[in-house]
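**Q** In the numbering used here, the protein residues as written are -9 to 343. For each residue, glycine too, the CB sits at the ideal point set by N, CA and C. Since we're looking at a predicted model, the values are computed, not measured. Attaching a single structure in structure tokens format; questions to follow.
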């Protein structure tokens, strides 16, 4: 399964000076200060306090006006010297473009209120140029794959993968040739925000006895990483011809072998950089520091020249997203070539899928 790619964001820490409270401090963090409308980002409120504060604490951390979002599971506190650091998290998505000031968030300490330093998000509008017909507002970097092997009536699985609120997105659009039918059976979601999530949608596909079928799915979205609209499309492109029964088995065996070879080679050749890093590191590597990723890749056998190339590509991504004068993001070809170099360096017999 190809999983594209994922762009790595670094939490931007803003200091806070709290007047009148010596034992408690609070600060607000955002994973992206310049998101697009509808793009998911992580918002974190950090509370630093003694293990036994002299007054009860309660967070003031609602979802800000002008945003949609959801709560993240509460992480266990960690020690910072003699104090405990508690992090509260949400994922939020801006609904309107322009400057959005996040203020009034903090903690109540007894009868006093301590507010974090406000953050200002500069929310970018989705471009009008190039917006395709039928765009439903999906914003995120996703991959889509279809497992529909076999012929005749059968169950198939459509998979979406990415760091986005997949469960809230409209379903990909099926395109069925005349006479074929498709029945939705259910779905399951793995992973959680703000990391990568995988949504699998199961269908009963009815192309007819002995038919491979011509079903395709499409999904139109805006990619913040590429800063452009994308149309994902997967599906069947071949319809099995009717053959005498004596000829079917040998041809199916040969076609199956050739198909396995071609699919394996294509998956290996076109595997995304994010999917490659997920294989070489571990799921959730996006939340660790880049230095830690470099260290783990070096332990896996990636040479320094490839680590330097990866560092330059990530810097180019950061400049395209966050620099005042934005540059051009890395091209898909640059990412694929680097992904191939990493795979060759680690797995010279090409066993990585």
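Between the region 128 to 136 and the region 200 to 217, do three or more beta carbon pairs fall short of 8 Å?
**A** The answer is yes - the region 200 to 217 touches the region 128 to 136, with three or more Cβ pairs under 8 Å.
**Q** Just tell me which of 165, 27 and 23 has its CA closest to the CA of residue 309.
**A** When only C-alpha atoms are compared, the closest one is 23.
**Q** Using DSSP with H/G/I as helix, E/B as strand and the rest coil, what is residue 23?
**A** Three-state result, residue 23: coil.
**Q** Is the region 163 to 178 in contact with the region 186 to 204, if contact means three or more CB pairs nearer than 8 Å?
**A** Yes: the two stretches touch, three or more of their Cβ pairs being nearer than 8 Å.
**Q** Using the beta-carbon count (16 or more within 10 Å), is residue 169 buried or exposed?
**A** Exposed.
**Q** Residue 75 and residue 67 look like a contact to me (Cβ under 8 Å); what is the Cβ gap, rounded to whole Å?
**A** With 8 Å as the limit, residue 75 and residue 67 qualify as a contact, their Cβ atoms being about 6 Å apart.
**Q** When you compare the CB positions of residue 27 and residue 116, do they come within less than 8 Å of one another, or not?
**A** Yes; because the gap between Cβ atoms is below 8 Å, this pair is in contact.
**Q** Determine the DSSP secondary structure at residue 309, reduced to helix, strand or coil.
**A** Residue state, collapsed to three classes: helix.
**Q** Can you tell me the Cα-Cα spacing of residue 160 and residue 72, whole angstroms?
**A** Their backbone Cα atoms lie some 48 Å apart in a straight line.
**Q** Which complete beta strand (DSSP E) runs does the region 45 to 122 hold, if anything under 3 residues is left out?
**A** Complete beta strand (DSSP E) runs here, min 3: 47 to 50, 57 to 61, 68 to 70, 73 to 84, 88 to 92, 96 to 99, 102 to 105 and 109 to 113.
**Q** Three or more C-beta pairs under 8 Å: does that hold for the region 36 to 52 against the region 86 to 103?
**A** The region 36 to 52 is in contact with the region 86 to 103.
**Q** Since residue 141 and residue 221 should fall inside the 8 Å C-beta cutoff, what is the C-beta to C-beta distance between them, to a whole number of angstroms?
**A** Contact doesn't hold; Cβ gap of about 28 Å is too wide.
**Q** Which word fits residue 80, buried or exposed, when buried means at least 16 other C-beta atoms lie within 10 angstroms of its C-beta?
**A** Buried.
**Q** Would residue 56 pass as a contact of residue 219 if the rule is Cβ separation under 8 Å?
**A** It is not a contact, given that the beta carbons lie outside the stated cut-off.
**Q** Following the continuous alpha helix (DSSP H) through residue 192, name the residue where it begins and the one where it ends.
**A** Taken as a continuous stretch (DSSP letters only), residue 192 belongs to no alpha helix (DSSP H), being part of the beta strand (DSSP E) at 187 to 196.
**Q** Give a yes or no on whether the C-beta atoms belonging to residue 267 and residue 284 are separated by under 8 Å.
**A** No, the pair does not count as a contact, with Cβ atoms beyond the cut-off.
**Q** Do residue 156 and residue 146 have their C-beta atoms within less than 8 Å of each other?
**A** Taking 8 Å as the Cβ cut-off, residue 156 and residue 146 do not qualify as a contacting pair.
**Q** With a threshold of 16 other CB atoms inside 10 Å of the CB of residue 272, please say whether the residue is buried or exposed.
**A** Counting Cβ neighbours within 10 Å, residue 272 comes out exposed, since fewer than 16 surround it.
**Q** What does a CB cutoff of less than 7 Å around residue 332 pick up in its chain, not counting 5 residues either side in sequence?
**A** Contacts found: 266, 270, 292 and 296.
**Q** Taking a contact to mean a Cβ-Cβ separation below 8 Å, would you say residue 162 touches residue 134 in this structure?
**A** Cβ atoms of residue 162 and residue 134: closer than 8 Å.
**Q** Among residues of its own chain, excluding the 5 on either side of residue 29, which ones have a beta-carbon nearer than 8 Å to its beta-carbon?
**A** Around residue 29: 22, 83, 84, 129, 130 and 214.
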